[in-house]
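2 protein chains.
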Amino acid sequence: MEAKTNGPSVNAGRVMDGPTNPMVTPLLTDLYQFTMAYAYWKAGKHNDRAVFDLYFRKNPFGGEFTVFAGLEECIKLIANFKLTEEEISFICETLPGSCEEGFVKYLRNIDCSDVEVYAISEGTVVFPKVPLLRVEGPVAVVQLLETPVLNLVNFASLVATNAARHRLVAGKSKMLLEFGLRRAQGPDGAISASKYCYIGGFDATSNVAAGRLFGIPLRGTHSHAFVSSFMSPDEILERSLHRSDGSSTCEDFVSLVQSWLSKIQWAKALGNTVGETNQSELAAFTSYALAFPNNFLALVDTYDVMRSGVPNFCAVALALNDLGYKSVGIRLDSGDLAYLSGEARKIFQIIEKEFGLPSFGKTSITASNDLNEETLDALNKQGHEVDCYGIGTYLVTCYAQAALGCVFKLVEINNQPRIKLSEDVSKVSIPCKKRCYRLYGREGYSLVDIMTGENEPCPKVVGERILCRHPFNESKRAYVVPQRVEELLKCYWPGKSGKVREELPALKDIRDHCIKQLEQMRPDHIRRLNPTPYKVSVSAKLYDFIHFLWLNEAPVGELQ
Amino acid sequence: MEAKTNGPSVNAGRVMDGPTNPMVTPLLTDLYQFTMAYAYWKAGKHNDRAVFDLYFRKNPFGGEFTVFAGLEECIKLIANFKLTEEEISFICETLPGSCEEGFVKYLRNIDCSDVEVYAISEGTVVFPKVPLLRVEGPVAVVQLLETPVLNLVNFASLVATNAARHRLVAGKSKMLLEFGLRRAQGPDGAISASKYCYIGGFDATSNVAAGRLFGIPLRGTHSHAFVSSFMSPDEILERSLHRSDGSSTCEDFVSLVQSWLSKIQWAKALGNTVGETNQSELAAFTSYALAFPNNFLALVDTYDVMRSGVPNFCAVALALNDLGYKSVGIRLDSGDLAYLSGEARKIFQIIEKEFGLPSFGKTSITASNDLNEETLDALNKQGHEVDCYGIGTYLVTCYAQAALGCVFKLVEINNQPRIKLSEDVSKVSIPCKKRCYRLYGREGYSLVDIMTGENEPCPKVVGERILCRHPFNESKRAYVVPQRVEELLKCYWPGKSGKVREELPALKDIRDHCIKQLEQMRPDHIRRLNPTPYKVSVSAKLYDFIHFLWLNEAPVGELQ
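Chains as they are written, first to last, in our numbering: chain A, 1 to 560; chain B, 1001 to 1560.
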């Protein structure tokens, strides 16, 4: 096994842990970053001061917003970026041709002390073309960072966005659980998904490792296999259960459950619809309640939800109630969730009245069968009684769009602005080291993002009109009088520049920030159907410079 | 940082490493596996002997085959399955309600010494419903394994299948490179993808960490940023280059390149189409050649492929040729790959003739712009001159279908067969501990897979007709007289049963096995368009038993 744990690094007197996954090392990069490093070094260009922007060109999932995530892991990588001797040997063996000794020495001394990273806060709602990260430093080192940083941001932002979209459809009042571990793209496809779904607004995960690593609340009860592993209540040997207040003990909880089942079966209010229920299921529910009397939640669809699962759940819940325990609820994992949740709710309400159980009608209903944005939306339209969703495959693999296309482009080298041209205008990069601002309007919503040259003055708040131009379409421009101006890029890694380093917030704070950010968006930007694109602009000065450089670099075509 | 390295385990005198990713621990599971373990333990059922099958219900990507992968990582997990004290404390704090001391002791003693794992060899072509793994052991322990084993098999098999499908479309003669690291789903979404794409038939990866971990060949040259980081050849200070045989030194390689560029510009055979090329690009190519004279491969689309990139490449390649070096080729990363590769090929052929460079016409052309199965297929139909494909996003994220739906179902407990029913017949599980065979016909192709009860005799090879029945459709059945019978499930983890443990093969052998397996498939099963489903069957005896059990368990409906 080759994976290793990077030691903690010291920066400005502080120690910072390495990336969560110890496999994230300086070797988690494309080989060409090392071949280029060698070529830069051979050309004496390796210390040329380069500025790269990390950004995406299109919001995912047909939407008009993205949640930026992955920053903390990037900074942890950068803080601990150091090649080991074994890694250096491997690189030198791998580079085609022989590798000069001077380069080996150079690799030994590489770290990120001369790199500066400016970034938007993690959990912020972001838009195409605006840099999420700006990384400055010696060109060879910054290029080594390109691939791992893209890897750490791309999926993190994609899955946080997916989670936020699920939250928007489900509504604030629903509990959202991430259940994706078994179908995720590998072990930390799963662990990352748990982390970034939490940031995007999920409440809990089933993934124990992620719960432990990040302090995310954990949820889970039992599976179909648990139900079918039982044959009948006869096999339950330990049948006693203390009252919840410890005052006495019920010696035969199994019989208590059976007697409640009979009462349910004979209850006129239930219209005599309950016949024989499945005994293996009843045994499983009873056993589970004996183990977790304070947290009884039963999966009710192993045999037949309405004829077996729900009545069996109610029998056990009523027996628990006798002993002072309040049951949690049921989980539906198949069938017509709108219909079944409604039918189950009716039974719970009838039982509340018939047997005088206050609030039993509000028993929680969890649904969890291949859910995604579309099914949540369809459930809302049909009407349903689901309180909690467990969402797996479609959430964590981002099934609707499995990749976000962040890129990392050179925008300046040795103070010379650089532009990447393309026949496709959407792929032309915005040159120069830039500053980025978000301008807010009267109602508190954000109006537009604007990029300016590094040395332009910051847009002013009161009274002054600011001209915001589309970077490539000359006819698209607007004057804005902002009520508030927020600078987006902050210094998260100052290197040896002496600048103040922005603290990395706790996961919970990133999540709160994300939720607040979404509340500050004008609803038409974040709605599912035909959302309005959010405006991203450049200053008049930057606009002029982009087009000057473009004409300068583009070859004049010749029609033949 | 919480990730840890599991120590190696000893089994039958052999030490086995832990999983590649140290984050794969017994906590990488759903919380409900632990709540169930507690409930089983409370009910005294935790040591009930259970048999679970891991299988999928539908082949991915609209195809009719799947490549099984992920076995080695599963066995490494199982071989090292042991909870640490810290993990046990975390579980006990996390379980709802208080956790009895006896359960803590039980968790301390859990390992897989009493578990047996039977599996199909990694790299085998597999089909729906046939168990890829059969895991037997104490029900509570086997359920803890469910989630991590599904996680390790689902993505591995999905991405290996995706790679195999890309190989089938590209054809055997093409070089296939995996370039997905930056867009993969997290760090080991990338590392796993590199490993399993290699198994599925790729030749190399750009991912240095994966190359080092698994010994996969590495490939990579330079990016657009490298090209645009140069301004002009004037900035190249170290201009000398030894001849390849070391006999002499060219003092000004930059001028040699410039003189070749003039010759190309004036060459009548090229129809005077070559004008001024981009000097920043020429500088970058020259520098790269100075660093890697034996491995000169240039990315030619930063400015304009035909007017700048290809002529600049040829000038450098001709200069290298003067000094005895053979160039590798070009890479195209945008535009019309069919057209551009054809035009570049023509130039190479003209230069071969015009300047007398043997085999220069065969200079390698790599293409790498958002490629997938469809674009490879379209390129084949249009005709192209590409020799090598670099494939990223669509390959490693399995963009066309981001998840495989393997499930893990209880088929027997304490020697009692169990069936999981569903309104959807395709979701009904096949009960019983089973044996699985692949039957081969006269032409060497596999004809059908058949599952039998554990104690049924093995299908015989010569002369005997075997009745193969569709598990759920009574009218679908066929007699088969096999020429060869292969038992699919082998013992990869014997626990303490004393059985012989199948060795885990080397990665290269798994890859060879996969390639050979695909060659043994009848072509209509693996073709892209309307492939024929491969037949999966059960023995007559197992068929009868399934339907007996089904009728026994299913409730009789009542129409009202």
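We put the CB at the ideal spot given by N, CA and C, even for glycine.
Keep in mind it's a predicted model, so treat the numbers as computed, not measured.
Is there a Cβ of chain A sitting closer than 8 Å to that of residue i, yes or no?
{"i": "N1154 of chain B", "result": "yes"}
{"i": "G1044 of chain B", "result": "yes"}
{"i": "T1094 of chain B", "result": "yes"}
{"i": "S1228 of chain B", "result": "yes"}
{"i": "N1552 of chain B", "result": "no"}
{"i": "F1348 of chain B", "result": "no"}
{"i": "V1305 of chain B", "result": "no"}
{"i": "I1199 of chain B", "result": "no"}
{"i": "F1292 of chain B", "result": "yes"}
Please tell me whether residue i has its Cβ less than 8 Å away from any Cβ of chain B.
{"i": "V139 of chain A", "result": "yes"}
{"i": "L261 of chain A", "result": "no"}
{"i": "V10 of chain A", "result": "Because the pLDDT of V10 of chain A is 42, which lies under 50, any placement of that residue in the model is unreliable, and the number read from its coordinates should be weighed accordingly. Chain B, which has no Cβ nearer than 8 Å to the Cβ of V10 of chain A, makes this no."}
{"i": "D252 of chain A", "result": "no"}
{"i": "E2 of chain A", "result": "Bear in mind that a pLDDT of 37 at E2 of chain A, under 50, signals an unreliable position, so the number given afterwards is only what the model happens to contain. True, the Cβ-Cβ gap to chain B drops below 8 Å."}
{"i": "F545 of chain A", "result": "no"}
{"i": "Q143 of chain A", "result": "yes"}
{"i": "K82 of chain A", "result": "no"}
{"i": "C388 of chain A", "result": "no"}
{"i": "E385 of chain A", "result": "no"}
{"i": "F34 of chain A", "result": "yes"}
{"i": "F90 of chain A", "result": "yes"}
{"i": "G342 of chain A", "result": "no"}
Take residue i and list the residues in its own chain whose beta-carbon comes closer than 6 Å to its own, dropping the five residues that flank it on each side.
{"i": "V1153 of chain B", "result": "G1070 and C1406"}
{"i": "S1426 of chain B", "result": "R1057"}
{"i": "R442 of chain A", "result": "Q483"}
{"i": "D387 of chain A", "result": "S364 and I365"}
{"i": "P19 of chain A", "result": "E73, K76 and L77"}
{"i": "V1274 of chain B", "result": "I1264, Q1265 and P1311"}
{"i": "A284 of chain A", "result": "F226, V227 and F230"}
Tell whether a beta-carbon distance below 8 Å holds between residue i and residue j.
{"i": "L177 of chain A", "j": "Y389 of chain A", "result": "yes"}
{"i": "C491 of chain A", "j": "E116 of chain A", "result": "yes"}
{"i": "R49 of chain A", "j": "E146 of chain A", "result": "no"}
{"i": "L1158 of chain B", "j": "L1054 of chain B", "result": "no"}
{"i": "C1000 of chain B", "j": "E1487 of chain B", "result": "Nothing about residue 1000 of chain B can be read from this structure; chain B reaches only from 1001 to 1560."}
{"i": "K1434 of chain B", "j": "T1452 of chain B", "result": "yes"}
{"i": "E1553 of chain B", "j": "I1419 of chain B", "result": "yes"}
{"i": "R182 of chain A", "j": "L1031 of chain B", "result": "no"}
{"i": "A1140 of chain B", "j": "H1222 of chain B", "result": "no"}
Apart from the five residues on each side of it in sequence, which residues of its chain come closer than 8 Å, Cβ to Cβ, to residue i?
{"i": "S1287 of chain B", "result": "F1230 and I1236"}
{"i": "K4 of chain A", "result": "Confidence is the limiting factor: at K4 of chain A the pLDDT is only 39, short of 50, which leaves the residue's position unreliable and the question unanswerable from this model."}
{"i": "I1191 of chain B", "result": "T1020, N1021, N1207, A1209, A1210 and L1213"}
Alpha carbons only, please: which of the options is nearest the one belonging to residue i?
{"i": "G1495 of chain B", "options": "B:Y1118, B:C1092 and B:E1085", "result": "B:Y1118"}
{"i": "L1332 of chain B", "options": "B:L1371, B:L1323, B:G1356 and B:V1125", "result": "B:L1371"}
{"i": "A1402 of chain B", "options": "A:G271, A:K326, A:G189 and A:T221", "result": "A:G189"}
{"i": "R134 of chain A", "options": "A:F408, A:Q258, A:F90 and A:K362", "result": "A:F408"}
{"i": "L549 of chain A", "options": "A:Q416, A:L489, A:H525 and A:E464", "result": "A:Q416"}
{"i": "G215 of chain A", "options": "A:I120, A:T205, A:S247 and A:V428", "result": "A:T205"}
{"i": "G200 of chain A", "options": "A:I526, A:E519 and A:C514", "result": "A:C514"}
{"i": "G63 of chain A", "options": "A:S262, A:N162 and A:A140", "result": "A:N162"}
{"i": "A344 of chain A", "options": "A:Q143, A:F360 and A:G356", "result": "A:F360"}
{"i": "K1499 of chain B", "options": "B:I1391, B:F1253, B:L1290 and B:S1113", "result": "B:S1113"}
Using a Cβ-Cβ cutoff of less than 7 Å, which residues in the same chain neighbour residue i once the five nearest sequence positions on both sides are dropped?
{"i": "E1281 of chain B", "result": "V1227, T1302, Y1303, S1308, G1309 and N1312"}
{"i": "T35 of chain A", "result": "L95"}
{"i": "Q517 of chain A", "result": "G123, T124 and V125"}
{"i": "G444 of chain A", "result": "Q520"}
Applying a beta-carbon distance threshold of less than 8 Å, which residues of chain D neighbour residue i?
{"i": "G1062 of chain B", "result": "Note that chain D does not occur in the displayed structure, where the protein chains are A and B."}
Assess contact between the stretch 1069-1083 of chain B and the stretch 1162-1180 of chain B, defined as three or more Cβ pairs (one per stretch) separated by less than 8 Å. Is contact present? no
For the stretch 121-132 of chain A and the stretch 1322-1330 of chain B, state whether three or more C-beta atom pairs, one from each stretch, are separated by less than 8 Å. no
May I ask you to verify whether the stretch 1097-1111 of chain B touches the stretch 1524-1533 of chain B, counting CB pairs closer than 8 Å and requiring at least 3? no
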